[in-house]
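Visitor:
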Amino acid sequence: MYRYDEFDHALVRERVEQFRGQVARRMTGALTADEFRPLRLMNGLYAQLHAYMLRVAIPYGTLSSRQLRMLGHIARKWDRGYGHFTTRQNIQYNWPRLVDTPDILSDLASVEMHAIQTSGNCIRNVTADQYAGVAADEIVDTRVYAEIIRQWSTFHPEFSFLPRKFKIAVSGAASDDRAAVRFHDIGIFVRRNEAGDIGFEVMAGGGMGRTPAIAPTLHKFVPEPDLLSYLEAILRVYNLLGRRDNLFKARIKILVMATGVEAFTALVEEEWQRIRESALKLPEDEIARIRGYFAPPPYEALAGVSRELDAQLLQDAAFSEWHSANVTAHKQPGYAIVNASLKPAGGVPGDMTADQMDAVAELAERYSFGEIRVTHEQNLVLAHVRKSDLYAVWRNLVELGLATANLNLISDIIACPGLDYCSLATARSIPVAQRISLAFADLKRQRDIGELRLNISGCINACGHHHAGNIGLLGVDKHGEEFYQLTLGGHDGADASIGVIAGPAFGSDEIVGAIERVTDTYLALRTPGERFIDTYRRVGLKPFKERLYPAQQAAE
Amino acid sequence: MGLQVLTACRLIDSRVVYLAHDGNWSEWIEEGETASSEAESEALKARGKAGEAANVVFETYLVDVVDDSGTLKPVSLREFIRANGPTIHPNFGLQAERRKKGDNQAITRRNAATARKVASE
Ligand code: HEM
Ligand code: SF4
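Keeping their order, the protein sequence lines are chains A and B. Going by this note's numbering, the residue at position 62 of the first sequence is 62; the numbering climbs one at a time, nothing skipped. Going by this note's numbering, the residue at position 7 of the second sequence is 1007; the numbering climbs one at a time, nothing skipped.
1) State yes or no: is the C-beta of Y46/A nearer than 7 Å to some heavy atom of the ligand ZN?
2) Name the two residues that bound the continuous alpha helix (DSSP H) containing P431/A.
3) When we look at the beta-carbon of M70/A and count the other beta-carbons within 10 Å, is it buried (16 or more) or exposed?
4) How do the region 387-399 of chain A and the region 425-436 of chain A stand: do at least 3 beta-carbon pairs fall below 8 Å, yes or no?
5) Checking the sheet assignment: what are the DSSP bridge partners for W1025/B?
6) Less than 6 Å between C-beta atoms, sequence neighbours within five positions excluded: which residues of the same chain meet that for A51/A?
7) Can L424/A be considered in contact with the ligand HEM, in the sense that its beta carbon sits closer than 7 Å to one or more heavy atoms?
8) In three-state terms, what does DSSP make of L386/A?
9) Does the Cβ-Cβ distance between P321/A and A215/A come in under 8 Å?
10) Just the C-alpha distance for G1051/B and E284/A, rounded to the nearest angstrom, thanks.
11) Can you name the residues of chain A whose CB is closer than 7 Å to the CB of G1085/B?
12) In this structure, how does DSSP classify A563/A when only helix, strand and coil are distinguished?
13) For the ligand HEM, any of its heavy atoms closer than 7 Å to the Cβ of P431/A?
14) For H73/A, report the span of its alpha helix (DSSP H) as first-last.
15) Count Cβ pairs between the region 1040-1058 of chain B and the region 77-87 of chain A that sit closer than 8 Å; are there 3 or more?
16) Run through chain A and tell me which residues come within less than 8 Å of I1029/B, C-beta to C-beta.
17) Relative to the C-alpha of L267/A, which candidate in E35/A, C459/A, G475/A and Y238/A has its C-alpha closest?
18) Specify the secondary structure class of R1109/B as computed by DSSP and reduced to three states.
19) If contacts are defined as beta-carbon pairs under 8 Å, then F369/A and P297/A qualify, I think. What distance do you get, rounded to the angstrom?
20) Give the straight-line distance between the Cα atoms of K1117/B and E1030/B, rounded to the nearest whole angstrom.
21) With a cut-off of 8 Å on the beta carbons, I'd call P1086/B and Y46/A a contact; round off their distance for me.
22) Three-state secondary structure (DSSP) at Q117/A?
23) Measuring CB atoms only, is the region 61-77 of chain A touching the region 100-116 of chain A, in the sense that at least three cross pairs come out at less than 8 Å?
24) Hey, would you say the C-beta of T1087/B is under 7 Å away from at least one heavy atom of the ligand HEM?
25) In chain order, which continuous runs of the beta strand (DSSP E) of length 3 or greater are located wholly inside the region 90-157 of chain A?
26) Going by DSSP, which residues form a beta bridge with E481/A?
27) Could you check whether the Cβ of S1026/B sits closer than 8 Å to any Cβ belonging to chain A?
28) Indicate the three-state DSSP secondary structure (helix, strand or coil) for R88/A in the structure shown.
29) Roughly how many angstroms separate the alpha carbons of T1007/B and L1062/B, rounded to a whole number?
30) Who are the neighbours of R1015/B on chain A, taking C-beta pairs under 7 Å?
31) Is there a Cβ from chain B that is less than 8 Å from the Cβ of A524/A?
32) Check each candidate in A30/A, H184/A and Q89/A and name the one with the smallest Cα separation from R55/A.
What follows is the structure, given as structure tokens:
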């Protein structure tokens, strides 16, 4: 893992002390609410429905056991005993007191963490594929480049007052996209060309919100040393031309759409050629130095097959079901990647108690080289578990309530905080997620439905990725009542697509039934082995619409 | 005009508070001073601004409520959730406190009304 050097330490410490002073001045009134607002946001402190909310960055989703323990400690000491992992690989605390935040930030600094880049119109916490460095299908370890981008973007003086927030995601799998990169302001696929050189496919102008967009590719192969100059060129064009007059049109996606992809790419190219041979060029030894931080842990030389595991799989059906749903192939023989589900039936997606955090930190220490990953689907990953330890890890996770065998199934729901916490919400998301996961609690039924991503947002800002859900739900307010608009066909893989609104919104008490009609329709239409998204793409919206709105169809 | 109470976020922790009849900021809506005329609402707003100026609260505004057999109930779902805590995690501290307190709301409200009446006599 990356370790802070003395400059990083000094920077973060200084920032905490600055904020301590700002909080003190706010309390005496020396700073007004309006003056203080941007300062607290720069430190990840929002004001939500019931209390302040502190958003802590987990750069590219990687945590050490020591850090996770600290997150648990903070939840216990300064909050209400739990935290919420988000789609942006952050953790949010829902109840911190203003006067305690400097101490919380100081606690975080002691384990090389902070809340910088979690708010405001800057380059936000960079996100990445949660299987970076371990996935069997990986081309290059993305963490190296995510870390380089993090260092370049942190406090970048030119980009601290962009027209709007700016989100970058990196993925390194050969054919998969585990970081929803095409839904980001900049998305990056790490590639290798035929000569074996590393380079980057760079996309820009993707996003969710009220105008969802899939990022078009600007450059198919930016050579490795030019990564930062190319990113800087994009940011410069955006910083100069992005709209500052209208909040809803300020994101880069609007600029790319308005300018046209070709013209926008040309502008970036022009700027890039100007700055390409500058201090931004990445020297080979610097890349190697960063790569050193992400050297593989000291794996044992093991056989690819574990007899012990094979026997346990035969003996224990529940273990075997969990294994096929939540365990993924590792590139190192004898090891596996474990997904710990934060989506128990009836639970709050992404929420974790302080006790669970402590226990997982301990598990990671014992079985996974003390490392934990956070996923944009709001789950956790133990990235290097010996196959022969899987059974023990599973038993522990079962006890902790973190072993629901539902990865990528209908109850593996992404949900934003919604009206239970969020001051921008138009409806609740979490209780709907709870009702859906209870309705589909039978794992056999879920497995039969197969891979299906259901995402829920509590308002049009789309923090819950509903546009990218195979089934998406958007909470809306109709005359003071909660309604849910249903979209179909969204997808966040390498072949990303945006969901299409199926028809009029459903009332809160109708929504679970509507989803069951969608899955029933799919089950009746699918060919053997066909995923929901593929069936939907083959048959289109019509048959689903007929089932969802029979009266309306009859009238037409 | 229906009933209104004045709400705010408390500066120190941004918790939801209501301007109470005794001039304090209370975490419990049932202790909120009610206004039933434009003039009373304006008076509440002015007292709220004073609270902002004194750095005790921020974001003060009026909330529509109904008197539901002695209990003050916000009209909108958003304000209902603000008053009662998230509708999830019933066991996490605040929500539990609110629920328990909620059981006594009607009584507290009547007490408050009585207290006010006594004070004005
Ligand atoms: C509770 C406080 C939150 C607030 C006030 C908030 C605010 C917003 C706003 C205003 C947008 C729209 C930006 C735009 O369209 O320009 C947005 C987008 C987004 N937020 Fe949040 N959000 C919150 C929580 C979350 C959480 C909990 C997550 C993760 C589960 C999240 C992840 C995202 C993502 C992925 C997007 C869409 C990507 C984008 O267009 O930027 N946010 N948020
Ligand atoms: S989608 Fe809306 S309700 Fe949900 S967290 Fe984002 S801003 Fe809040």
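The beta-carbon is built from N, C-alpha and C at its ideal position, and this holds for glycine as well.
Guide: Let me spell this out:
1) The model depicted lacks the ligand ZN and carries the ligand HEM and the ligand SF4 instead.
2) I430 to A439
3) buried
4) no
5) L1019/B
6) W95
7) yes
8) Per the sequence shown, the amino acid found at residue 386/A is Arg instead of Leu. If DSSP states are grouped into helix, strand and coil, R386/A belongs with the strands.
9) Correcting the residue type first, residue 321/A is Glu in the shown sequence and not Pro. Taking 8 Å as the Cβ cut-off, E321/A and A215/A do not qualify as a contacting pair.
10) 59 Å
11) H50
12) Look at the range of chain A in this structure, 1 to 556, and you will see that residue 563/A is not part of it.
13) no
14) S65 to W78
15) no
16) Here the premise fails: no neighbours, minimum Cβ distance about 13 Å.
17) Y238/A
18) With a pLDDT of 48 at R1109/B, under the threshold of 50, the modelled position of this residue cannot be trusted, and the question is left open.
19) 4 Å
20) With a pLDDT of 47 at K1117/B, under the threshold of 50, the modelled position of this residue cannot be trusted, and the question is left open.
21) Rounded, the Cβ-Cβ distance is 16 Å, inconsistent with contact.
22) coil
23) yes
24) no
25) 90-93
26) K478/A
27) no
28) coil
29) 6 Å
30) H50 and A51
31) no
32) Q89/A
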